[in-house]
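If you read the sequences in order, they're chains A and B.
FYI, in my numbering the residues of the first sequence are 14 to 203.
FYI, in my numbering the residues of the second sequence are 354 to 549.
Structure first, then comments.
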Amino acid sequence: MNHPDQILPVPDGYRTRDAALFAASLDDQSALLAADLEGISADELGWQPAPGMNTIGMLLAHIAIVEVFWTQVGLEGRPQDVKTPLGIGIDDDGLPIKEGAAPPANLAGRDLAFYLDLFARARAYFKRVARALSEEDLEVVRARMRRDGSTSTSHQVRWVLYHQLEHFSGHYGQILLLRHQYRAARAAVR
Amino acid sequence: MNAPAAAVRRTVLQLPDGFRSAEAALWFASLEEQRGKLLKAVDGIGAAELEWQPAPGMNTIGMLLAHVAVAEAHIVDVAFARLPKSRVLEVIGLGPDDDGMPLPEDAAPPEHFTGKDLAYFADLLSRARAHARTVIAPLTDDDLVREVERPRQPDGSTRVFDPRWMLYHLVEHEAGHHAQILLLRHIYRKRGVMGP
């Protein structure tokens, strides 16, 4: 038995190595996550460990929304318009969920194909923008006001590329933990 | 009267000096950023929460912290130093299997973590990172794409990887467990009102 080779090929078509590396990393993460989710049911995607906690479906929608959001705001330096490329709006993941709240109704009954389609749309958008970044672009620090208007933040474009990866990976880790919890909860009621 | 100026938070990925490869420096900077977030996530955590297990067979926060250190020390040696056997025990003072992972179904956490405080786990992480810097800093760009084939394992499997993939993997691995720790802290606060 051989494990699949763990090689990170740097894709062509990017103006900078850093953007190509993070794009390759994100594609590797997407492939691994899709493999880990193979066969997951709509019931598990919508399962909530307790009121006020995220479901796997919410996290998947959130990953796609945030990938487009940071591409627009952090890489392009424009106001967010998540809905145009994704077909769902910036708040449609239901995050942050309110204390004691149920998952958003718009995600009820959604299957894995729905979320994988969001992923594909988000990644296509990200790649189109990332390919065009120059070395000078990576050093740009963009200022923006937070959504609550209270604090101004600024983010370097290179940091945004890194953040896209760590954000994806972080929620991927949480999804694996939620799958473990789901199995334990099902075993407990049997 | 003018409104008070909003505080400006500036977020930059600072590339470290002393690395032969700019790419290795990029990944190391990412690791350092991630480590800052991980330590912030557990700031002030007590020993009781570090060893709390949501259900039998599930990881504790202490186990995850130890696992991040063990994995880093192991990967650095086999992927970047190209050693046939890693020196995890020598580097961090904990053996390669001492994180208790993967935890068998229904098992309790390893007893040797009982009562261990944050300083203990932070020390493991710090030792692993210092080792990583020492080994990664001299790598060249060519080193990053020289494939490593691991010796055949007892189960008959073989594994091939390139150091570039492993640098990326270190980042995503720590990010994944960091976010799991955040989720476990959330569950800990809600314990008693949720299953399993």
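Built from N, CA and C at the ideal position, the CB exists for glycine as well.
Going by beta carbons, Gln406 of chain B and Ala485 of chain B fall outside the 8 Å limit. A residue is called buried once 16 or more other Cβ atoms fall within 10 Å of its Cβ, and Pro109 of chain A, having fewer, is exposed. Assigned with DSSP and collapsed to three states, Phe372 of chain B falls in coil, not helix or strand. Comparing alpha carbon positions, the residue from B:Arg363, B:Leu418, B:Gly509 and B:Pro369 closest to Lys393 of chain B is B:Leu418. When the beta-carbon positions are compared, Gln194 of chain A and Leu72 of chain A stay at least 8 Å from each other. Between Glu152 of chain A and the set B:Val361, B:Gln367, B:Arg362 and B:Ala360, the nearest pair of CA atoms involves B:Gln367. By the C-beta density criterion, His465 of chain B is exposed, having fewer than 16 other C-beta atoms within 10 angstroms. For Arg373 of chain B, there are no neighbours in chain A by C-beta distance under 7 Å, as the nearest C-beta there is about 15 Å away.
In this structure the segment 53-72 of chain A does not touch the segment 139-146 of chain A; the number of beta carbon pairs closer than 8 Å is below three. In this chain, the beta strand (DSSP E) harbouring Gln169 of chain A covers Ser165 to Gln169. Our two residues, Gly448 of chain B and Gln506 of chain B, have alpha carbons roughly 18 Å apart in a direct line. Here Arg435 of chain B has Val501 as same chain residues with Cβ atoms under 7 Å from its own Cβ, once five neighbours each way along the sequence are excluded. Within the model, the alpha-carbon separation for Arg538 of chain B versus Pro455 of chain B is close to 20 Å. In the structure shown, Thr487 of chain B falls within a helical segment according to DSSP collapsed to helix, strand and coil. For Ala434 of chain B, the secondary structure class from DSSP, reduced to helix, strand or coil, is coil. Under the three-state reduction of DSSP, Glu502 of chain B is assigned to strand.
The alpha-carbon separation between Thr413 of chain B and Gly468 of chain B amounts to approximately 13 Å. With a threshold of 8 Å between beta carbons, Ala528 of chain B makes contact with chain A.
Exposed is the label assigned to Leu442 of chain B, since fewer than 16 other Cβ atoms lie within 10 Å of its Cβ. The continuous beta strand (DSSP E) containing Thr364 of chain B extends over residues Val361 to Thr364. Segment contact: the segment 49-60 of chain A against the segment 119-134 of chain A, three or more CB-CB distances shorter than 8 Å; contact assigned.
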